[in-house]
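Reviewing the structure listed below.
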Amino acid sequence: MMSGNTIAQQMMVEGPLQLTPAINWILEICGLLDYLHAFTPPILHRGIRPTSLIYQSTPFAAGEIALVDFGAAKAVILGQETPAGSTGYSAPEQLNIDATPAVDLYALGPLLAFLLTGQNPISFYGDRGEGYRFHAESVPNISPALRAVMQKVTDPDPEQRYASASELAEALRQAQQQD
Numbered sequence: 029m030m031s032g033n034t035i036a037q038q039m040m041v042e043g044p045l046q047l048t049p050a051i052n053w054i055l056e057i058c059g060l061l062d063y064l065h066a067f068t069p070p071i072l073h074r075g076i077r078p079t080s081l082i083y084q085s086t087p088f089a090a091g092e093i094a095l096v097d098f099g100a101a102k103a104v105i106l107g108q109e110t111p112a113g114s115t116g117y118s119a120p121e122q123l124n125i126d127a128t129p130a131v132d133l134y135a136l137g138p139l140l141a142f143l144l145t146g147q148n149p150i151s152f153y154g155d156r157g158e159g160y161r162f163h164a165e166s167v168p169n170i171s172p173a174l175r176a177v178m179q180k181v182t183d184p185d186p187e188q189r190y191a192s193a194s195e196l197a198e199a200l201r202q203a204q205q206q207d
C-alpha cells in the first residue's frame, strides 16, 4: 500500500500551488511518463488526473509523485482496450481505441492548470471558433511562454503536441526560465 494523499486531496488541504512547485510536479510526472512510454509497445496510462497521482511526503521516497490507477493501461495490455479517461483531462482522440503516448501528455496541460488554480480544468474549455478545446489563455497569472506550452500540449491534433514527455519537460524548463 502506498502512503500519501492524492493530488486532489493535497490541493484541498493546501490550495493552489505556486508556479515553481507546480512545474516541478509536472516535470516529475514527465519523468514517469518517459519511463512508461519507453516500453515496446508503450504503456499508456490513459487516466492521468489528480486522483491518479499520489503525493508522497516521506523523506525516503524516490520522488514526491507516484502514478497509480493503471486500470485503463491494464486493459490495453490485456487486449481489452476500451475508451478511457477523465472529463477535463482527456485528449479528444482518447475515445478512439488506437491511442498514442500523446494522450498522456495532453492530460498534463489541464493538470498544470488545476495545480495553479485549484479549478476543475473543464472551466478552461470552450468553443471559440476553432472547435471545443482547452484554452490556456483562460488560465490566470501565467506567462506567455507557459501559456504557449500549455496550448501546444493540449492541441486537439496529437501530431501538433510534443513528441515525448522529455520534450515537454524541456519546453517547461525553458518557459520557467523566461518567467
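Taking this note's numbering, I'd label the letters of the sequence shown as residues 29 to 207.
We put the beta carbon where it would ideally sit given N, CA and C, even for glycine.
Quiz item: Mapping DSSP to helix, strand and coil, what is Asn148?
Solution: Position 120 of the sequence shown, counted from the start, is the residue given in the question as residue 148. Residue state, collapsed to three classes: coil.
Quiz item: Is Leu81 near His73, with beta carbons less than 8 Å apart?
Solution: Locating residue 81 in the sequence shown gives position 53, counting from the first residue. Locating residue 73 in the sequence shown gives position 45, counting from the first residue. In this structure, His73 does not lie closer than 8 Å to Leu81 by Cβ.
Quiz prompt | Inter-residue spacing [alpha-carbon to alpha-carbon] between Thr34 and Pro78 | solution = The count along the sequence shown starts at 1 and reaches residue 34 at position 6. The count along the sequence shown starts at 1 and reaches residue 78 at position 50. Distance between the alpha carbons of Thr34 and Pro78: 6 Å.
Exercise. Work out the CA separation of Met39 and Ser85 for me, nearest whole Å.
Key: Position 57 of the sequence shown holds residue 85. Position 11 of the sequence shown holds residue 39. Whole-angstrom Cα-Cα distance: 14 Å.
Quiz item: Are the segment 148-155 and the segment 50-62 touching, with three or more C-beta to C-beta distances below 8 Å?
Solution: no
Practice problem: Tell whether a beta-carbon distance below 8 Å holds between Thr171 and Ala203. | Solution: Looking up residue 171 in the sequence shown gives position 143. Looking up residue 203 in the sequence shown gives position 175. Residue identity check: residue 171 is Ser in the sequence provided, not Thr. Cβ distance < 8 Å, so Ser171 and Ala203 count as in contact.
Self-check item: Candidates Ile76, Tyr134, Leu143: closest to Val41 by CA position
Solution: Sequence index remark: in the sequence shown, residue 41 carries index 13 (1-based). Considering only alpha carbons, the answer is Leu143.
Quiz prompt | Per-residue burial, Phe152 [other beta carbons within 10 Å of its own, 16 or more giving buried] | solution = The residue you call residue 152 lines up with position 124 of the sequence shown. It is buried - the Cβ of Phe152 has at least 16 other Cβ atoms within 10 Å.
Exercise. Give the secondary structure of Ala94 by DSSP, where H, G and I count as helix, E and B as strand, and everything else as coil.
Key: Taking the sequence shown and counting its residues from 1, the one referred to as residue 94 is at position 66. Here Ala94 sits in strand by DSSP.
Self-check item: For Asp155, the first and last residue of its enclosing alpha helix (DSSP H)
Solution: Taking the sequence shown and counting its residues from 1, the one referred to as residue 155 is at position 127. Run containing Asp155: none in the alpha helix (DSSP H); it sits in the beta strand (DSSP E), 153-155.
Quiz item: Given a threshold of 16 other Cβ atoms within 10 Å of its Cβ, counted over all protein chains shown, does Tyr160 qualify as buried or as exposed?
Solution: Walking along the sequence shown from the start, residue 160 turns up at place 132. The residue is exposed, with fewer than 16 neighbouring Cβ atoms inside 10 Å.
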